[in-house]
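Numbering (this note's numbering), first residue to last: 55 to 307. Where a beta carbon is used, it is the ideal one built from N, C-alpha and C, also for glycine.
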Amino acid sequence: MKLASYGRREWLGSAFIALFLLLISLWMGVGISIHAGLALATLTILGWLALAAFFRDPERKPPADLDVILSPADGVVRDIELVRGTPLNEFFGGKSILRIGIFLSVFDVHLNRAPCCFKVAQKDYREGAFHDARNPLASQVNEAMTLSGFAEFDGRSFPLAIRQISGAIARRIVCTAEPGDLLERAQRYGMIKFGSRTELYLPAGHDISLSVKVGDRVAAGVTVMARLVPLDESSTLTDEIQKIKDAQPPADD
C-alpha cells in the first residue's frame, strides 16, 4: 500500500510509537502474560494499519476522454448549487457559478487531484471554524484553501476553482500548488487530513453539462463531473440542476 507523502509526519511518527508498543507487548508476553502481550500487539498493529489506510495513495488512471472535468476528491456529492455573491464571483467575471460539494468521510482517500489541466492564478487561505463538513455553514465559515485559475483545454480556457474545507475532525489542509503552476489532469496537489469537504466551482454556462447528481460517489482523478459539450437549446443549466435535484432524495442532515 503506497502512502501519501503529505502524511509522512503522521504515519511515520505513529510507526515509531507502534514499534515502541510492540516492544512493550513483547516484554508483557514474556514477563507477565502471553495473552496480554498478544492483545496489545494486535491492537497496536490494527491501530497503525487503520491510521496508515487514511493516508493511502492509490494510483488513478484518468479516462481517455479529454473534454471532461474530473472529480478533485473521493467522497459523496453532497450538494449542487448555483451561487452568487461570493468572493469568487469577481474572478468569474461577476457571472453565476456552479458549485459541486463533495463530502469526504474518514474512510475515503483524502488526496486532492486537479480536475483538468489547470493553470493556478490565485491561492487564498481563509481562517475559520471547524463545523462538521456536512453542515451547510462549513462552506461559508470553516477554514478553507482555495485555488482559482483557468481550465486549459484544446483551444478553450475558462475560470475554475477548487476549495479544500476543514471539518470537525480535519484540522490541517495541505496544498502544495502555487500561483503560476500548471497542474496536469488528475495530478496530486494536496490533501485534507481526517474528514473534510472539497468544492469544485465551474462557470454556469451552456457549454458545460453535468455528469453527476447529489448522492453519487466519486473518485478523484477518475469520475467525470462535467463535460464540455453544448446543452440542448431548450435546456438551461438551471433546468438541468433542478432536474437532478428533483430526481434525488434530500441529503441527510
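Which residues share a DSSP beta bridge with residue i?
| i | result |
| --- | --- |
| residue 229 | 244 |
| residue 178 | 200 |
| residue 205 | 172 and 212 |
| residue 166 | 244 |
| residue 257 | 151 |
| residue 218 | 199 and 252 |
Determine the contact status of residue i and residue j, defining contact as a CB-CB distance below 8 Å.
| i | j | result |
| --- | --- | --- |
| residue 96 | residue 75 | no |
| residue 227 | residue 252 | no |
| residue 222 | residue 184 | yes |
| residue 202 | residue 168 | no |
| residue 275 | residue 124 | yes |
| residue 210 | residue 105 | no |
| residue 126 | residue 254 | yes |
| residue 206 | residue 182 | no |
| residue 213 | residue 146 | yes |
| residue 119 | residue 273 | no |
Using the C-alpha atoms, what's the distance from residue j back to residue i?
| i | j | result |
| --- | --- | --- |
| residue 115 | residue 166 | 14 Å |
| residue 195 | residue 155 | 15 Å |
| residue 152 | residue 69 | 42 Å |
| residue 188 | residue 80 | 43 Å |
| residue 279 | residue 158 | 16 Å |
| residue 285 | residue 107 | Note that residue 285 scores a pLDDT of 44, beneath 50, so its modelled location is shaky and nothing firm can be said. |
| residue 287 | residue 261 | Reliability fails at residue 287, whose pLDDT of 44 lies under 50, so the model's placement of it is uncertain and the value that follows must be treated cautiously. C-alpha separation (whole angstroms): 11 Å. |
| residue 323 | residue 101 | With the chain running from 55 to 307 in the structure shown, residue 323 is simply not present. |
| residue 144 | residue 78 | 59 Å |
| residue 132 | residue 87 | 49 Å |
| residue 177 | residue 199 | 7 Å |
| residue 90 | residue 271 | 41 Å |
| residue 121 | residue 103 | 38 Å |
| residue 246 | residue 186 | 14 Å |
Can you tell me whether DSSP reads residue i as helix, strand or coil?
| i | result |
| --- | --- |
| residue 138 | coil |
| residue 66 | helix |
| residue 252 | strand |
| residue 91 | helix |
| residue 159 | coil |
| residue 120 | coil |
| residue 285 | At residue 285 the pLDDT is 44, less than 50, meaning the model places this residue with poor confidence; the figure from the coordinates comes in the next sentence. The answer is coil: DSSP assigns residue 285 none of H, G, I, E or B. |
| residue 266 | coil |
| residue 106 | helix |
Does the beta-carbon of residue i, which I'm using as the reference point, lie nearer than 7 Å to any heavy atom of the ligand ADP?
| i | result |
| --- | --- |
| residue 236 | For the ligand ADP, the structure offers nothing, since it holds no ligand at all. |
Please confirm if the segment 229-240 is in contact with the segment 260-269, defined as three or more CB-CB distances below 8 Å between the two stretches.
no
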